[in-house]
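A.B. asks: Numbering (the working numbering), first residue to last: -6 to 238.
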């Protein structure tokens, strides 16, 4: 990372030099270096661990080159380990970025297992914040729920300010309604299947009784013998006999 930041910084200054040369071409033979603007780069690290190294010195074994040390320059980078911020520092942020920072902090402290959304923080840029959280989240169910909320957000009549808790509550309520809807549909399907099975059982029993009656007439035998001739089991005989006696 220190090497990459050094390259980014060099690119920024080279871009400035090209701009100055383009504007001062054939006008100022002395290149006006005083017009360079200082550049500062900050790196935001969202991972659950502290980023190291933070400088060139940590990349090399400086002690192994004692004669070069007077000529070697160190270069430090400005890096913020977001997940390592404490709750107070995150709460002091007034933008929606605090939701992202708090999510990273909770994922680090819980080992990526639990996320308890803050209840007191309002959310101004709802879609952008939720899309960012969905991009960071490794929880497939949470990611799906956030995207579903984003898709219907413009049609969602929210009373009062939007908070992360209100988003989660709306998602849970929507999930409950979907579960109830699915349960009612399955219940209706089960009732129809039960009705069909009852009807089929009645039709089957009627067929078994008719077959037994024909056998009794053709052979001139008793009910028990007719059932035996047809190979009816004991349970089928118990159902058929009341209609034949």
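Where a beta carbon is used, it is the ideal one built from N, C-alpha and C, also for glycine.
In angstroms with no decimal places, state the Cα-to-Cα distance between residue 143 and residue 95.
C.D. replies: The residue labelled residue 143 in the question sits at position 150 within the chain shown. The residue labelled residue 95 in the question sits at position 102 within the chain shown. Straight-line Cα distance between these residues: approximately 20 Å.
A.B. asks: Suppose contacts are defined by Cβ-Cβ distances below 9 Å. Is residue 98 in contact with residue 76 by that definition?
C.D. replies: To locate residue 98, count along the chain shown from 1; it is residue 105. To locate residue 76, count along the chain shown from 1; it is residue 83. It is a contact, given that the beta carbons lie within the stated cut-off.
A.B. asks: From residue 160 to residue 86, what does the alpha carbon distance come to, in whole angstroms?
C.D. replies: Your numbering for residue 160 matches position 167 in the chain shown. Your numbering for residue 86 matches position 93 in the chain shown. The alpha-carbon atoms of residue 160 and residue 86 are separated by roughly 20 Å.
A.B. asks: Quick one: Cα of residue 127 to Cα of residue 112, how far?
C.D. replies: By 1-based counting over the chain shown, the position of residue 127 is 134. By 1-based counting over the chain shown, the position of residue 112 is 119. One C-alpha to the other measures close to 19 Å.
A.B. asks: Could you pull the start and end residues of the alpha helix (DSSP H) that residue 81 belongs to?
C.D. replies: Residue mapping note: residue 81 aligns to position 88 of the chain shown, counting from 1. Note, residue 81: alpha helix (DSSP H), 80 to 84.
A.B. asks: Which whole-angstrom value is the C-beta distance of residue 33 and residue 71, which I expect to be below 8 Å?
C.D. replies: As a position in the chain shown, residue 33 is number 40, starting the count at 1. As a position in the chain shown, residue 71 is number 78, starting the count at 1. Going by Cβ atoms, the distance from residue 33 to residue 71 rounds to 7 Å, so yes, they are a contact pair.
A.B. asks: Give me the Cβ distance between residue 88 and residue 67, rounded to the nearest whole Å; I'm assuming they're in contact under 8 Å.
C.D. replies: Working through the chain shown from its first residue, we reach residue 88 at position 95. Working through the chain shown from its first residue, we reach residue 67 at position 74. With a Cβ gap of about 33 Å, residue 88 and residue 67 do not count as contacting.
A.B. asks: Let me know the secondary structure DSSP gives residue 45 once reduced to three states.
C.D. replies: Counting from 1 along the chain shown, the entry for residue 45 is found at position 52. Reduced to three states, the DSSP call for residue 45 is coil.
A.B. asks: Please work out which residues of its chain come closer than 7 Å, Cβ to Cβ, to residue 81, disregarding the five sequence neighbours upstream and downstream, and give them in chain order.
C.D. replies: Locating residue 81 in the chain shown gives position 88, counting from the first residue. No residues qualify anywhere along the chain.
A.B. asks: One question on the structure: do residue 46 and residue 52 come within less than 9 Å of each other, judged by their Cβ atoms?
C.D. replies: Working through the chain shown from its first residue, we reach residue 46 at position 53. Working through the chain shown from its first residue, we reach residue 52 at position 59. Yes; because the gap between Cβ atoms is below 9 Å, this pair is in contact.
A.B. asks: Taking the alpha-carbon positions, what's the residue 212 to residue 204 distance?
C.D. replies: As a first step, residue 212 is located in the chain shown; it is residue number 219 there, counting from the start. As a first step, residue 204 is located in the chain shown; it is residue number 211 there, counting from the start. Straight-line Cα distance between these residues: approximately 12 Å.
A.B. asks: Residue 246 to residue 219, Cα distance in whole Å?
C.D. replies: It is not possible to answer for residue 246, since the shown part of the chain is limited to -6 through 238.
A.B. asks: How big is the Cα-Cα spacing for residue 91 and residue 114?
C.D. replies: Translated into the one-based positions of the chain shown, residue 91 becomes position 98. Translated into the one-based positions of the chain shown, residue 114 becomes position 121. The alpha-carbon atoms of residue 91 and residue 114 are separated by roughly 9 Å.
A.B. asks: With distance defined between alpha-carbon atoms, name the residue in 124, 35, 116, 101 nearest to residue 79.
C.D. replies: Numbered from 1 along the chain shown, position 86 holds the residue referred to as residue 79. The option with the nearest alpha carbon to residue 79 is 101.
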